[in-house]
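To convert, take the position in the first sequence, counting from 1, and add 20; that gives this note's numbering.
Ideal Cβ positions, reconstructed from N, Cα and C, are used throughout, including at glycine.
A quick write-up on the structure given underneath.
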Amino acid sequence: MRIHHEHPWNLDSKAAIALQNQLRRLVKIEDELPADIRRVAGVDVGFEDEGKVTRAAVAVLDYPGLGLIESSIARLPTVFPYVPGLLSFREVPAILKALAGLAVLPDLLLVDGQGYAHPRRLGIACHLGLLTDLPSIGVGKTRLCGRHEEVPDEKGRWVPLVDKQEIIGAVLRTRRGVQPIYVSAGHRIGLETAVEWVLRCTGRFRLPETTRQAHRLASGWVSGAGPAPGP
DNA sequence: GCGACAG
DNA sequence: ATCTTGTCGC
Numbered sequence: 021m022r023i024h025h026e027h028p029w030n031l032d033s034k035a036a037i038a039l040q041n042q043l044r045r046l047v048k049i050e051d052e053l054p055a056d057i058r059r060v061a062g063v064d065v066g067f068e069d070e071g072k073v074t075r076a077a078v079a080v081l082d083y084p085g086l087g088l089i090e091s092s093i094a095r096l097p098t099v100f101p102y103v104p105g106l107l108s109f110r111e112v113p114a115i116l117k118a119l120a121g122l123a124v125l126p127d128l129l130l131v132d133g134q135g136y137a138h139p140r141r142l143g144i145a146c147h148l149g150l151l152t153d154l155p156s157i158g159v160g161k162t163r164l165c166g167r168h169e170e171v172p173d174e175k176g177r178w179v180p181l182v183d184k185q186e187i188i189g190a191v192l193r194t195r196r197g198v199q200p201i202y203v204s205a206g207h208r209i210g211l212e213t214a215v216e217w218v219l220r221c222t223g224r225f226r227l228p229e230t231t232r233q234a235h236r237l238a239s240g241w242v243s244g245a246g247p248a249p250g251p
């Protein structure tokens, strides 16, 4: 994996916001995905030792089977605090390390958090997509910004998430009777396509399998069959 | 000034 | 995110 430019991480909030305003211009909200996607990955982060250590996990699933084919976990000292709107500066470093540990990069990333549905349109999914140049989607469990109507209680239905006269994401019902999720474009993908892929990766649970697997890894427990077999 | 606020 | 067991409901 190659990163376009040198990217600083030791920034204060003011500099981080300035950088976001620069990077936002590089995000592509139009479809630019591989012809055939066979590897979809879930990305999530957890914390250890009272938050002093950040643990990132990437779960690569085959598509359309959605079976786990490879995973990677990486740890780094936590250096940036949690500040709404600046989440990527806290979690992306560890995620990049985890991605570097994969034998094969995935074709699509489903990131835990917002993408375009961000105050400056540069949520963690956009930021990560830009740095890796991989198509990415933001999958959030709760809202960061924007307003929306009630979502019909039927799997697959969604309503636009609007902020400042602009549609920034989709509030999607992935399952009846539970809270909807917040889907938004990350990089190299449009909103409609992003919703389609989230649904394709979702089974009987509220969250996509990619996210569930990544969360399982980022939060500890490993059980049953191990990761992918090595050549 | 006050409320909101991904993980 | 994290601290944490049982419990209510489909």
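Measuring only the C-alpha atoms, how far is residue i from residue j?
{"i": "K255", "j": "G143", "result": "As displayed, the chain neither begins before 21 nor continues past 251, which places residue 255 out of reach and without an answer."}
{"i": "S33", "j": "V131", "result": "22 angstroms"}
{"i": "R44", "j": "G189", "result": "16 angstroms"}
{"i": "G135", "j": "V182", "result": "14 angstroms"}
{"i": "L96", "j": "E68", "result": "10 angstroms"}
{"i": "Y202", "j": "L122", "result": "27 angstroms"}
{"i": "G71", "j": "A114", "result": "13 angstroms"}
{"i": "R220", "j": "P84", "result": "8 angstroms"}
{"i": "V73", "j": "D82", "result": "30 angstroms"}
{"i": "H235", "j": "G62", "result": "8 angstroms"}
{"i": "E186", "j": "A120", "result": "35 angstroms"}
{"i": "E90", "j": "W29", "result": "28 angstroms"}
{"i": "L164", "j": "V124", "result": "32 angstroms"}
{"i": "D51", "j": "A205", "result": "10 angstroms"}
{"i": "R208", "j": "G197", "result": "32 angstroms"}
{"i": "V179", "j": "V191", "result": "5 angstroms"}
With 16 other CB atoms within 10 Å as the buried threshold, where does residue i fall?
{"i": "D64", "result": "buried"}
{"i": "T162", "result": "exposed"}
{"i": "F100", "result": "buried"}
{"i": "I42", "result": "In the sequence under discussion, the amino acid at residue 42 is Gln, which differs from the Ile named in the question. By the 10 Å Cβ count, Q42 comes out exposed."}
{"i": "Q233", "result": "buried"}
{"i": "Q40", "result": "buried"}
{"i": "G223", "result": "exposed"}
{"i": "V80", "result": "buried"}
{"i": "P200", "result": "buried"}
{"i": "R167", "result": "exposed"}
DSSP has residue i in a bridge; who is on the other side?
{"i": "R59", "result": "D82"}
{"i": "A94", "result": "A76"}
{"i": "L129", "result": "A61 and S156"}
{"i": "F314", "result": "A query on residue 314 cannot be resolved here, the shown segment of the chain reaching from 21 to 251 and no further."}
{"i": "S204", "result": "G158"}
Might you give, ordered along the chain, the residues of its own chain that have their beta carbon closer than 7 angstroms to the beta carbon of residue i, omitting 5 neighbours on each side?
{"i": "L107", "result": "G133 and I144"}
{"i": "A238", "result": "D64, V65, G66, R75, A76 and A77"}
{"i": "V103", "result": "S33"}
CB-CB under 6 angstroms to residue i, same chain, minus the five flanking residues each way: which ones, in chain order?
{"i": "L128", "result": "I57, V60 and P155"}
{"i": "L46", "result": "L150"}
{"i": "P139", "result": "G105 and C165"}
{"i": "T213", "result": "D51"}
Q | Residue ranges of each alpha helix (DSSP H) within the region 133-202, 4 or longer | A | 144-152
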